[in-house]
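Structure, as structure tokens:
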Amino acid sequence: MVSSDHLGPGEEGTIRAVVDTRRKRGRIVKTVQVQTNDPEKPLVVLRLTATVKDPYHGVAHEAEAIFRTPCRSCHVDRGMGRTGAALYRADCMMCHRRGRLGKDITELKKLTFEQLRDAIENGIEGSVMPGFSSRVGGPLTQAQIRSLIRYIKGH
Numbered sequence: 133m134v135s136s137d138h139l140g141p142g143e144e145g146t147i148r149a150v151v152d153t154r155r156k157r158g159r160i161v162k163t164v165q166v167q168t169n170d171p172e173k174p175l176v177v178l179r180l181t182a183t184v185k186d187p188y189h190g191v192a193h194e195a196e197a198i199f200r201t202p203c204r205s206c207h208v209d210r211g212m213g214r215t216g217a218a219l220y221r222a223d224c225m226m227c228h229r230r231g232r233l234g235k236d237i238t239e240l241k242k243l244t245f246e247q248l249r250d251a252i253e254n255g256i257e258g259s260v261m262p263g264f265s266s267r268v269g270g271p272l273t274q275a276q277i278r279s280l281i282r283y284i285k286g287h
């Protein structure tokens, strides 16, 4: 939206731009084209740069918050009733892949069975990784945890 549809020589105006940031995060660039009657520059392109902050992951939460709404729909519900690779893809991969907070699967594979079991069951203190075992308030059964470890170690 512009403050005026016509500006005289030397006059100033305001251009207001609204950017839809849904499903975007990080640095984004948008352009606005302005037509002028200047024969030297009939078209001026304004470049807008913004950083979109993730409303859920950009703030500190206790690790167990992912078991509650709104986090639950991504971090728990998609993996309900699943095991092994399907469970990993549904609930683990979003954090455990290259460039994310958690170690990717090639790094996880280097851990011992016991290290993986402890991390999945009880979480990692001082991190955003909560305990996923139903024994500590998480959503996973012991059978699901074992299936995850078998998948990781066999990958």
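As numbered in my numbering, residues 133 to 287 make up the sequence shown, in order.
We put the beta carbon where it would ideally sit given N, CA and C, even for glycine.
None of these values were measured; they are calculated from a predicted model.
Query	Result
Nonlocal neighbours in the same chain, by C-beta distance under 7 angstroms from residue 207, ignoring five residues either side	198, 223
Every unbroken alpha helix (DSSP H) inside the region 201-243 [4 residues or more]	204-207, 216-219, 237-240
Residue 197 - DSSP class collapsed to helix/strand/coil	helix
Test item: CB-CB of residue 253 and residue 231 under 9 angstroms	no
Within 9 angstroms, strictly: CB atoms of residue 163 and residue 179	yes
In chain order, each alpha helix (DSSP H) run of at least 4 residues that lies wholly inside the region 244-279	245-254
Reduced DSSP secondary structure (H/G/I, E/B, other) of residue 285	helix
Exposure of residue 276, with buried meaning 16 or more beta-carbon neighbours within 10 Å	buried
Nearest to residue 157 (by Cα), restricted to the options 137, 181, 175	181
Of the residues 168, 237, 160, 196, the one placed nearest residue 283, counting alpha carbons only	237
Backbone secondary structure at residue 185 - three-state DSSP	coil
Sheet register partners of residue 162 (DSSP bridge)	180
Residue 272 versus residue 264 - alpha carbon distance	6 angstroms
Inter-residue Cα distance where the pair is residue 150 and residue 280	44 angstroms
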